[in-house]
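The structure under discussion appears below in the form of structure tokens.
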Amino acid sequence: DIMTANPVTVTPDTSAADALWLMDEKKFRNLPVVGRDGKIRGNMTHQAVISFLAARYPVEVLNRPPRPDQFPRKQEGG
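Under the working numbering, the first residue of the sequence shown is numbered 2, with each subsequent residue one higher.
Okay, structure coming up:
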């Protein structure tokens with residue numbers, strides 16, 4: 002009664018992109034990572050993936066505008 006019966010899981014070989022897509026599609030906040038032996042290896046969260054990408058690619062991630070599709074009408078700043 003406490004746990005979800007037959008939860009959706011990913012394997013350690015699942016790409017971050019596939020896991021994020023699945024979390025978005027199913028509206029999950031996290032996914033259990035399960036090895037071939039059926040044992041839980043960890044838990045993937047969207048925040049963990051974002052933090053990983055920001056650490057690896059700080060310029061590309063941290064300099065992104067909040068809404069990349071939105072452009073300023075005039076130049077601002079120096």
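Glycine included, every Cβ here is placed at the ideal spot set by N, Cα and C.
A quick note: this is a predicted structure, and the numbers were derived from the prediction, not measured.
Query	Result
Relative to the C-alpha of P13, which residue among D25, Q48 and L32 is closest?	L32
Considering Cα atoms alone, identify which of V11, I3 and R68 is closest to D38.	V11
State the DSSP-derived secondary structure class of I51, mapped to helix, strand or coil.	helix
Return the chain-ordered list of same chain residues with a C-beta closer than 8 Å to the C-beta of R30, the five sequence neighbours on each side being excluded.	M24, T46 and H47
To the nearest angstrom, how far is the alpha carbon of P8 from that of R74?	47 Å
Note down, in chain order, each residue of its chain lying with its Cβ closer than 8 Å to the Cβ of E61, except the 5 sequence neighbours on either side.	none
Taking its Cβ as the centre, do 16 or more other Cβ atoms sit within 10 Å of A56, making it buried, or is it exposed?	exposed
What span of residues does the alpha helix (DSSP H) with M24 cover, start to end?	A17 to K27
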